[in-house]
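Novice:
Number of protein chains: 2
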Amino acid sequence: MVNTVSCSHMFSGISQENYNRMMSCFNSAPKKYLAGETICFYEPKKRTVGIIEKGRAVVVKTFYSGSQTILEQLSDGSIFGEVFYFHANTDGISVIAASECTVRFIDYEHIMTSCHNACQHHSQLIQNLFSIISCKAAELSEHIDVLSHRTIREKLMAYFQIQSSKNNSTKFKLPFSLSALADYISVDRSAMMREIKKIKEEGYIDISQKEVTLLKEYIQ
Amino acid sequence: MVNTVSCSHMFSGISQENYNRMMSCFNSAPKKYLAGETICFYEPKKRTVGIIEKGRAVVVKTFYSGSQTILEQLSDGSIFGEVFYFHANTDGISVIAASECTVRFIDYEHIMTSCHNACQHHSQLIQNLFSIISCKAAELSEHIDVLSHRTIREKLMAYFQIQSSKNNSTKFKLPFSLSALADYISVDRSAMMREIKKIKEEGYIDISQKEVTLLKEYIQ
DNA sequence: ATAATTCTGTTGCATAAGCAACAAATTATA
DNA sequence: TATAATTTGTTGCTTATGCAACAGAATTAT
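In order, the protein sequence lines correspond to chains A and B.
Taking numbering that gives the first Met the number 0, the leading residue of the first sequence gets 0, the next gets one more, and so forth.
Taking numbering that gives the first Met the number 0, the leading residue of the second sequence gets 0, the next gets one more, and so forth.
#1: Mind checking the stretch 81-112 of chain B against chain A and listing, in chain order, the residues whose C-beta falls within less than 8 Å of any C-beta there?
#2: Compute the distance between the beta-carbons of A:A137 and A:A96, then report whether it is under 7 Å.
#3: Measuring only the C-alpha atoms, how far is A:T80 from B:C100?
#4: Determine the DSSP secondary structure at B:M0, reduced to helix, strand or coil.
#5: Between A:A157 and chain B, is any beta-carbon pair separated by less than 7 Å?
#6: List, in order along the chain, the chain B residues whose C-beta lies closer than 7 Å to that of A:A181?
#7: Using a Cβ-Cβ distance cut-off of 7 Å, determine whether A:H142 contacts chain B.
#8: Going along the chain, which residues of its own chain have a beta-carbon closer than 8 Å to the beta-carbon of A:L214, five neighbours each way excluded?
#9: Name the two residues that bound the continuous beta strand (DSSP E) containing A:T52.
#10: Would you mind telling me which residues of chain A sit closer than 7 Å to B:A136, beta carbon to beta carbon, in chain order?
#11: Does B:V1 come within less than 7 Å of chain A when only Cβ atoms are used?
#12: According to DSSP, is A:K44 helix, strand or coil?
#13: Assign B:S207 to one of three DSSP states: helix, strand, or coil.
#14: At 7 Å on the CB atoms, spell out the chain A contacts of B:Q126, in chain order.
#15: For a test of the three-state rule: what should DSSP assign to B:L155, helix, strand or coil?
#16: With a cut-off of 7 Å, does the C-beta of A:L70 fall near any C-beta of chain B?
#17: Check A:Y18 in the structure and name its three-state DSSP category.
#18: Kindly indicate the opening and closing residues of the alpha helix (DSSP H) around A:Y107.
#19: Exposed or buried, B:Q126, counting other C-beta atoms within 10 Å across all chains shown (16 or more means buried)?
#20: Just mark A:F171 as buried or exposed, buried being the case when its beta carbon has 16 or more other beta carbons within 10 Å.
#21: Any idea if B:I218 is buried or exposed, counting beta-carbon neighbours within 10 angstroms, 16 or more meaning buried?
#22: DSSP has A:K172 in a bridge; who is on the other side?
#23: Quick one: using the 10 Å Cβ neighbour count with 16 as the cut-off for buried, is A:K60 buried or exposed?
#24: In chain order, what residues of the same chain have a beta carbon less than 6 Å from the beta carbon of A:S98, not counting five sequence neighbours either side?
#25: Within the continuous alpha helix (DSSP H) that includes B:V82, where are the two ends?
#26: Pick out whichever of B:F159, B:C134, B:L180 and B:L124 has its Cα sitting closest to the Cα of A:S147.
#27: When you compare only the Cα positions, how much space is there between B:S178 and A:Y183?
#28: Beta-carbon of B:L146 versus every beta-carbon of chain A: anything under 7 Å?
#29: Roughly how many whole angstroms lie between the Cα atoms of B:Y41 and B:T89?
#30: Taking the alpha-carbon positions, what's the B:A251 to B:D144 distance?
#31: Which residue or residues does DSSP assign as beta-bridge partners of A:F104?
#32: DSSP three-state label for B:E216, please.
#33: Considering A:V59, what are the terminal residues of the beta strand (DSSP E) in which it resides?
#34: What in chain A is Cβ-close to B:F222, meaning under 9 Å?
#35: Which residue comes first and which comes last in the alpha helix (DSSP H) that contains A:L73?
#36: Using a threshold of 7 Å, state whether the C-beta atoms of A:I78 and A:M9 are closer than that.
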């Protein structure tokens, strides 16, 4: 399951000048990684916040079997770290560069504890962090809303309705493939396809490729 | 579904003396409510943090049909508010006193924006708030872990395993009724009962009333 | 351009799980 | 203590859904 984190930016409301000033205050130098390189492994008690200044990376879970799942996709301005991963178990979680990357690491405690050098925008940073975490929590909550429906049809319609209201339109584009959607709503893909076909035939939705249109009200 | 929030306390690490000082800084006077009284309604843009200083209360969702669900149970030291409820839709959400209650309200922005009166423990408060939100997010994440299994059996075993590891024991007590459990894992209660019976017969668990014991390893 | 991989669409089959309906046990309330 | 309300435990019936297995379309990699 891929979480596309659109949430607010860690440094929104903070100028480039102040950003640089903060980074020196946080004592954080940029590090470079080549595509494919491991940026870090998640560890139980570590509380380092990472920032992708430039490039793309992925947070992946590697299972004992060797198979991998992408937990999150990161790009310019994305943040990552144990603090944003709400599981006790960090086994097999790592961050891998998908392209050449410039990354900063900041000590979480340093962000939280108010700064002796009195960075003026510290409070702004904390507020941003808060809204990022709240946004992640909202995504989890949304996911639960979908998963807590009993049938495939109800899960699908719940998901579609959320997407629709997010786009302020009955027409929207799925943010990922149908296979990934089946994964997200935790059902068998073939069974989901069968159900989509039915919902389509019954005139509730129209769907071709990734373009979905809600046609009539669905009351669960 | 009831979320029992055990998370850390809003004012842990802050003395009674400093607590009082902060409250006067926050300009927050205690308010009293009788059992059954409505403490507040959740509103979309409101960002007020409530603290139950004494007593018990519940966060409830009232549906158009008139039926209600308890979203959260609050007791001494619990906090509540729109900030901790990660849905866009706040319709029909209210906080009701379950017993006589003393409640404080604090402006969220005042907590987040660093204090001009320079309360020394402001940073501690922010850290506590962070850990509360993270804890809530972890609970959501845990819920998803359970819900994303396909079968009732898998959901049950996932749930039991989480409880077991939380208690550091193969023996633990369910925090709510079996009906509520069916609700939590989002399956039909009778079907869940049938499955519990089977799992029991096959020797995976032992369960009587709310006491559960994991007997042998279950590999999904 | 070609090969390889992933995604989409479909079907038969077996069964897990939803629904309804009931009685007994337990817990809450008057 | 009596009564109400909720929870637990059970069953028959039906069907939705998981699983396996396949072929063609669409991407992505070489």
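We treat Cβ as the ideally placed atom computed from N, Cα and C, and that holds for glycine.
Specialist: Taking the definition as stated:
#1: V82, F85, H86, A87, M111 and T112
#2: no
#3: Thr is not the amino acid found at residue 80 of chain A; the sequence shown has Gly there. Using only the alpha carbons, I get a separation of about 39 Å.
#4: Below a pLDDT of 50, predicted positions are generally treated as unreliable, and B:M0, at 39, falls in that range; the measurement from the model is reported next regardless. Coil.
#5: no
#6: Near A:A181 there are no residues of chain B at all, since even the closest Cβ is about 11 Å away, more than 7 Å.
#7: yes
#8: T169, G202, Y203, I204 and D205
#9: Note that residue 52 of chain A corresponds to Glu in the displayed sequence, not to Thr. Start and end: T47 to K53.
#10: F85, I132, K135, A136 and L139
#11: Because B:V1 carries a pLDDT of 40, less than 50, the predicted location of this residue cannot be relied on, and the following value inherits that uncertainty. Taking Cβ atoms only, chain A never reaches closer than 7 Å to B:V1, which makes this a no.
#12: coil
#13: strand
#14: M111
#15: helix
#16: no
#17: helix
#18: Y107 to M111
#19: buried
#20: buried
#21: exposed
#22: A:E210
#23: buried
#24: A34, G54 and R55
#25: Run containing B:V82: none; DSSP gives neither H nor E here.
#26: B:L180
#27: 26 Å
#28: yes
#29: 6 Å
#30: Because residue 251 of chain B is not part of the residues shown, which for chain B are 0 to 219, the question remains open.
#31: A:G49
#32: coil
#33: A56 to T61
#34: The structure shown does not extend to residue 222 of chain B, since chain B is modelled only from 0 to 219, so the question has no answer here.
#35: Run containing A:L73: none in the alpha helix (DSSP H); it sits in the beta strand (DSSP E), Q67 to L73.
#36: yes
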